[in-house]
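What follows is one structure encoded as structure tokens, with my remarks underneath.
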Amino acid sequence: MESVTAATIRARMLALVCEVPAGRVATYGDIARLAGFPRHSRQVGVALRQVGSEVPWHRIVNHEGRISRRGLDGNDELQRYLLEAEGVMFDAEGRIPLNRFRWMKTL
DNA sequence: TGGTTGACCCGAG
DNA sequence: ACTCGGGCCAACC
366 MESVTAATIR
376 ARMLALVCEV
386 PAGRVATYGD
396 IARLAGFPRH
406 SRQVGVALRQ
416 VGSEVPWHRI
426 VNHEGRISRR
436 GLDGNDELQR
446 YLLEAEGVMF
456 DAEGRIPLNR
466 FRWMKTL
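Quick note on numbering: the first sequence equals residues 366 to 472 in this note's numbering.
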């Protein structure tokens with residue numbers, strides 16, 4: 366058996382992010398759970414931070430359906446722009462209705 | 001070597 | 001709906 370390294374987990378998470386189709390979103394927790402590490406949701410954010418355009422990072426939102434803030438930088442506005450361009454809609458509170466847009470992985 | 005931070009989540013009250 | 005506390009751990013001082 367091969368040992369499960371941090372790099373392995375990261376690669377697996379990123380692979381799952383790539384599976385999220387346009388017009389749908391997934392939460393950090395969803396990705397962590399699907400990767401087989403239910404409570405490692407923070408690591409999804411860590412992984413996405415260093416990745417570039419090879420991964421649709423904008424389809425990942427927090428458990429409230431909101432765009433997670435990164436403090437500085439206006440990339441969160443870009444994220445909303447990209448999602449709306451794919452047909453994802455936000456309510457008046459700036460949240461995405463997860464019951465409608467949440468991605469459910471199909472076998 | 002050790003403490004703090006952070007693109008998070010969840011249960012309990 | 002909100003607060004509080006615990007969990008998790010790579011990255012960064």
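The beta-carbon is built from N, C-alpha and C at its ideal position, and this holds for glycine as well. All values derive from a computational prediction rather than experimental measurement.
- With contacts defined by Cβ atoms closer than 8 Å, His428 and Leu448 do not form a contacting pair.
- The C-alpha of Val385 lies about 24 Å from the C-alpha of Glu458.
- Residue Ser433 holds the alpha-carbon nearest to the alpha-carbon of Ala391 among Ser433, Ala371, Ala376.
- Between the alpha carbons of Arg435 and Leu472 lies a distance of about 33 Å.
- In the DSSP assignment, the residues bridged to Val390 are Arg467.
- Taking a cut-off of 8 Å on C-beta distances, the region 368-383 touches the region 410-421, as three or more cross pairs fall below it.
- In the three-state reduction of the DSSP assignment, Val411 falls in the helix class, which pools H, G and I.
- The beta carbons of Ala387 and Glu442 sit no closer together than 8 Å.
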